[in-house]
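Colleague:
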Amino acid sequence: FSYIAKALKGKKFLDAFAGGGRLSFMASKIAKTVDAYDFAPEAKQMADIISKAAGVKNVNYAVADSESFRPQNAPYDVIAISGTLENLDYVDANMKLLTSWLKKGGLLAIDCPHFLNFRGDVYNTLAKFMGMPMTKTDQRQVNTLFINELCRRFGYKLEAQAGLSYSLGWGDLAVTDLAERIPHAIRDRGLKDDDVR
Numbered sequence: 001f002s003y004i005a006k007a008l009k010g011k012k013f014l015d016a017f018a019g020g021g022r023l024s025f026m027a028s029k030i031a032k033t034v035d036a037y038d039f040a041p042e043a044k045q046m047a048d049i050i051s052k053a054a055g056v057k058n059v060n061y062a063v064a065d066s067e068s069f070r071p072q073n074a075p076y077d078v079i080a081i082s083g084t085l086e087n088l089d090y091v092d093a094n095m096k097l098l099t100s101w102l103k104k105g106g107l108l109a110i111d112c113p114h115f116l117n118f119r120g121d122v123y124n125t126l127a128k129f130m131g132m133p134m135t136k137t138d139q140r141q142v143n144t145l146f147i148n149e150l151c152r153r154f155g156y157k158l159e160a161q162a163g164l165s166y167s168l169g170w171g172d173l174a175v176t177d178l179a180e181r182i183p184h185a186i187r188d189r190g191l192k193d194d195d196v197r
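Going by the working numbering, the sequence shown opens with residue 1, and the numbers climb by one from there.
1) Terminal residues of the continuous beta strand (DSSP E) containing Tyr76?
2) Opposite Asn60 in the DSSP bridges: which residues?
3) If the criterion is Cβ atoms closer than 8 Å, does the pair Tyr61 and Ala36 meet it?
4) Kindly indicate the opening and closing residues of the alpha helix (DSSP H) around Ile207.
5) In terms of alpha-carbon separation, which member of Gly10, Lys9 and Phe17 lies closest to Asp111?
6) Starting from Gly169, trace the alpha helix (DSSP H) in both directions and tell me its first and last residue.
7) Where does Ala16 fall in DSSP's three states?
8) What are the boundary residues of the beta strand (DSSP E) that Asp89 is part of?
9) To the nearest angstrom, report how far apart Thr99 and Val56 are at their CA atoms.
10) For Ser167, which option in Gln72, Arg119 and Ser28 has the closest C-alpha, if you only look at C-alpha atoms?
11) DSSP state of Ile30, grouped into three classes?
12) State buried or exposed for Gly155, treating a residue as buried only when at least 16 other CB atoms are found within 10 Å of its CB.
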């Protein structure tokens, strides 16, 4: 949030695929208006509970996907896609819509896992060579090359990159995640532990 806070002050913000609205509510303290959407009704229910408890009145939350969302406050000064780009079935279609809603010279902030690391190497090896089920997050490499190509296709200029949570890619959290996830993947593939030793 700190990376986009300065750009949000007094501006119009869209939180695309907002989930429970955590980013929306942080932005509501400094942005002029906040629109948010997510396709899951449960996400809006969570956002409504938080909104009521915190007394937030400037977050407009809709149950929608990009195609059905009605951007009433467009063009937006800032649009954020947090933890979603790696999961979308139709990246280009979503990007086209989001770009059409962004003010010229506005900021599109993308937050996503980067799997060019130890954890991603293991996941992709298991998925591609052993046929183990892994999520789209583990298989779509949203990395610098992917983002640069996206910028080229949609006319964006990459201004900055920041890294967080390195332990999830390289350290103790990566090992913990592997230890928890791999047995489930083995089970879902219908294998026994002895089959992969």
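Positions of the beta carbon are idealized from the N, C-alpha and C atoms, including for glycine.
Modeller: According to the structure shown:
1) Tyr76 to Ser82
2) Asp35
3) yes
4) Coverage of the chain is limited to positions 1 through 197, which leaves residue 207 absent and any answer about it impossible.
5) Phe17
6) Tyr166 to Trp170
7) strand
8) Premise fails: Asp89 is in no beta strand (DSSP E) and is neither H nor E.
9) 27 Å
10) Arg119
11) coil
12) exposed
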